[in-house]
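Student:
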Ligand SMILES: Cc1ncc(COP(=O)(O)O)c(C=O)c1O
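Residue numbers (the working numbering): 89 to 478.
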C-alpha cells in the first residue's frame with residue numbers, strides 16, 4: 089500500500105458496529121463487563137480505549153512498526169521511553185536537542201542515578217567515543233531543533249548494533265511522511281504529534297512506535313502505570329488530522345523551501361538553516377535517509393533588537409511556541425523552546441538571541457514571503473537609523 093492510501097486506509101477507517109465513516113469517539117472511562125470474571129478487550133480507558141487503539145494502529149502502520157502508543161504530549165512520550173532506563177545506565181544524546189528533553193535528562197536523570205553525555209550529533213566519532221561500559225542507549229533528533237543539524241541515522245544504528253545498544257529517535261520534524269527510522273534499523277521512534285501529525289494547533293499529543301515485543305510491553309505498562317495516555321477526543325482529532333497530513337505537509341514543505349532560498353538574499357538575514365539548501369553541511373546525509381527538507385527553517389537576524397523589530401512587523405505568521413500547524417508559526421528558541429537551557433549553554437549550542445524559527449503553514453508562499461520581507465525591511469531601516477544616531 090502506498091503512503092497516500094495508508095493515510096486513509098492504514099488504520100481502522102469505519103466503525104465495525106455502525107459503518108460510520110469515522111471511528112467514533114468512545115468518550116467513556118469504563119466499560120460494562122457482562123461476564124465480570126472473564127477478561128474482555130476494553131475494561132477501563134487508562135488500560136485501553138477503542139478510539140485510542142485506532143490511532144495507535146494507524147501510527148504504527150505509518151511508521152512501518154508493529155506496535156504504537158499514544159500519549160498526552162510529546163514530552164509524555166519522551167518520558168515514557170527515557171524513564172525506563174535504570175540506575176547506573178548511561179545514555180548518549182545529541183547536543184542539539186529539544187529543550188524539554190534536555191530538561192528531563194539534566195534534571196530528572198541525576199535523581200534516578202542515570203548518567204548521560206551530550207555529543208556533537210553530526211560527528212559519528214563523537215558518538216563512538218562517548219560509549220562506556222554502562223551505555224544502554226543512543227538518542228537522536230534529526231533534523232535537530234532549532235538548528236536543523238543532521239545525524240547519520242544509519243551510522244548511529246550501525247554503532248548501536250556493534251555495541252548492543254538501543255536506538256531512539258525523535259522524528260517530529262520529518263514525520264513518517266518523509267523519514268521512516270524503523271526501516272533504517274532504529275528501535276524506538278517518538279513523535280510530538282502536537283505538531284505536523286495533528287497539524288492544526290489544537291491538541292497536544294505524543295506517539296511512540298516500535299517493532300520489538302518486549303519494548304512494546306514495557307511501553308504499554310508505562311502508559312498504564314503513569315496514566316499518561318491520550319484522551320479519546322484528542323485521539324479522534326489526530327486520526328482526523330492524519331488523513332490530510334501528506335497534502336498539508338507537501339505544501340508546507342514547498343513553502344519552506346521557497347522561503348529558505350529567498351530569505352538568504354536579504355541583507356538583514358545573516359544565515360538560514362534548512363537541510364534542502366545547497367550549502368547545508370548535512371544535506372547529502374539528510375537526503376540519504378529522508379525525502380524532503382521539511383517545513384521548518386531557522387534564520388539568524390543577528391541580535392534581539394532585530395528580532396523584536398521583526399516580530400513587531402510580521403502580520404501573517406503567529407508568534408508562538410510550537411510548529412507544524414496549518415498557520416505559519418514564528419518562534420524565538422532563545423526564550424521559548426530552549427529557555428530551560430542555561431544561557432551560557434544555549435549560546436555554546438548556537439541558540440543565540442538572533443535566531444528565529446519559522447514553521448511554514450499553508451498560506452500562499454508569496455503572501456508569506458512578502459510579509460517577512462516587509463518586516464525585514466523595517467529591521468533594515470531601524471538599523472540604518474541606529475547607525476546614523478550613534
Ligand atoms: C522536536 C520536539 N520533540 C518533542 C517536543 C515535545 O512535544 P510536546 O510539546 O507535544 O510535549 C517538541 C515540542 O516542541 C519538539 O519540538
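Yeah, the Cβ is synthetic: ideal placement off N, Cα and C, and Gly gets one too.
#1: Tell me whether residue 166 counts as near ligand 1, meaning its Cβ is closer than 7 Å to at least one heavy atom of that ligand.
#2: Please go through the same chain and pick out, in chain order, the residues whose beta-carbon is closer than 7 Å to the beta-carbon of residue 322, but skip the five residues on each side of it.
#3: Expressed to the nearest angstrom, what Euclidean distance is found between the alpha-carbon atoms of residue 453 and residue 301?
#4: What separation, rounded to the nearest whole angstrom, lies between the Cα atoms of residue 325 and residue 140?
#5: Which residue comes first and which comes last in the beta strand (DSSP E) that contains residue 294?
#6: State the beta-bridge partners of residue 445 as determined by DSSP.
#7: Check whether the stretch 174 to 194 touches the stretch 404 to 419, taking contact to mean three or more Cβ pairs, one atom from each stretch, closer than 8 Å.
#8: Got a sec? Which residues, its chain only, sit under 7 Å from residue 330 by beta carbon, not counting five neighbours each side?
#9: Roughly how many angstroms lie between the CA atoms of residue 463 and residue 264, to the nearest whole one?
#10: Given 7 Å as the limit, tell me if residue 229 has its C-beta closer than that to any heavy atom belonging to ligand 1.
#11: Is residue 332 near ligand 1, judged by its Cβ being under 7 Å from some heavy atom?
#12: Quick check: does the Cβ of residue 294 come within less than 7 Å of any heavy atom belonging to ligand 1?
#13: Check whether the Cβ atoms of residue 270 and residue 152 lie closer than 8 Å to each other.
#14: Given the structure, does residue 260 come close to ligand 1, in the sense that its CB is under 7 Å from one of the ligand's heavy atoms?
#15: Report the CB separation of residue 401 from residue 354 in whole angstroms; it is logged as a contact under 8 Å.
#16: Give every residue of the same chain whose Cβ lies closer than 8 Å to the Cβ of residue 448, excluding the five residues on either side of it in the sequence, and list them in chain order.
#17: If you reduce the DSSP assignment to three classes, tell me which class residue 208 lands in.
#18: Would a C-beta distance cut-off of 8 Å place residue 165 and residue 360 closer than the cut-off?
#19: Do residue 278 and residue 169 have their C-beta atoms within less than 8 Å of each other?
#20: Run through DSSP, which three-state label would residue 433 get?
#21: Is residue 132 a contact residue of ligand 1, with contact defined as CB to any heavy atom under 7 Å?
#22: Any chance you could list the beta strand (DSSP E) runs of at least 3 consecutive residues sitting entirely within the stretch 211 to 285, in chain order?
#23: For residue 196, verify whether its CB is less than 7 Å away from any heavy atom of ligand 3.
#24: For residue 231, which of 248, 261, 420, 251 has the nearest alpha-carbon?
#25: What did DSSP end up calling residue 148 once you bin it into helix, strand or coil?
#26: Could you tell me the distance, in whole angstroms, from the CA atom of residue 135 to the CA atom of residue 116?
#27: Quick check: residue 445 and residue 112, are their CB atoms within less than 8 Å of each other?
#28: Identify which residue in 106, 187, 104 has its Cα closest to the Cα of residue 433.
#29: For the beta strand (DSSP E) containing residue 414, list its first residue and its last residue.
#30: Between residue 450 and the rest of its own chain, which residues show a CB-CB distance below 7 Å, the 5 nearest in sequence each way excluded?
Tutor: For this structure:
#1: Taken from the Cβ of residue 166, at least one heavy atom of ligand 1 lies inside 7 Å.
#2: Counting only Cβ-Cβ distances below 7 Å, and skipping sequence neighbours, we find 291, 293.
#3: Whole-angstrom Cα-Cα distance: 44 Å.
#4: Taking the straight line from one Cα to the other gives about 11 Å.
#5: Residue 294 -> beta strand (DSSP E) spans 294 to 298.
#6: DSSP, once it has assigned bridges, lists 386, 419 as partnering residue 445.
#7: Under the Cβ criterion (8 Å, minimum of three pairs), the stretch 174 to 194 does not count as touching the stretch 404 to 419.
#8: Counting only Cβ-Cβ distances below 7 Å, and skipping sequence neighbours, we find 95, 146, 285.
#9: Straight-line Cα distance between these residues: approximately 34 Å.
#10: Correct: residue 229 has its Cβ closer than 7 Å to ligand 1.
#11: Flag unset: Cβ of residue 332 not near ligand 1.
#12: Of the heavy atoms belonging to ligand 1, at least one sits nearer than 7 Å to the Cβ of residue 294.
#13: Residue 152 is positioned such that its CB atom lies closer than 8 Å to that of residue 270.
#14: Correct: residue 260 has its Cβ closer than 7 Å to ligand 1.
#15: Contact between residue 401 and residue 354 is ruled out by a C-beta separation of about 14 Å, above the 8 Å threshold.
#16: Around residue 448: 340, 341, 343, 344, 347, 383, 384, 385, 416, 456.
#17: Residue 208 falls in the coil class under three-state DSSP.
#18: Taking C-beta atoms as the reference points, residue 165 and residue 360 fail to come closer than 8 Å.
#19: Cβ atoms of residue 278 and residue 169: closer than 8 Å.
#20: Residue 433 sits in a helix when the DSSP states are folded into three classes.
#21: Not so, every heavy atom of ligand 1 lies at least 7 Å from the Cβ.
#22: Correct list: 223 to 229, 254 to 258, 276 to 280.
#23: For the structure depicted, ligand 3 is absent and the ligand set comprises only ligand 1.
#24: The alpha carbon of residue 231 has as its nearest neighbour, out of 248, 261, 420, 251, the alpha carbon of 261.
#25: In this structure, residue 148 counts as helix in the three-state DSSP scheme.
#26: Their backbone Cα atoms lie some 12 Å apart in a straight line.
#27: If you check the CB distance, residue 445 and residue 112 do not come in under 8 Å.
#28: It is 187.
#29: It is not in any beta strand (DSSP E) - residue 414 carries neither H nor E in the DSSP assignment.
#30: So the list reads 336, 339, 340, 414, once near-sequence residues are dropped.
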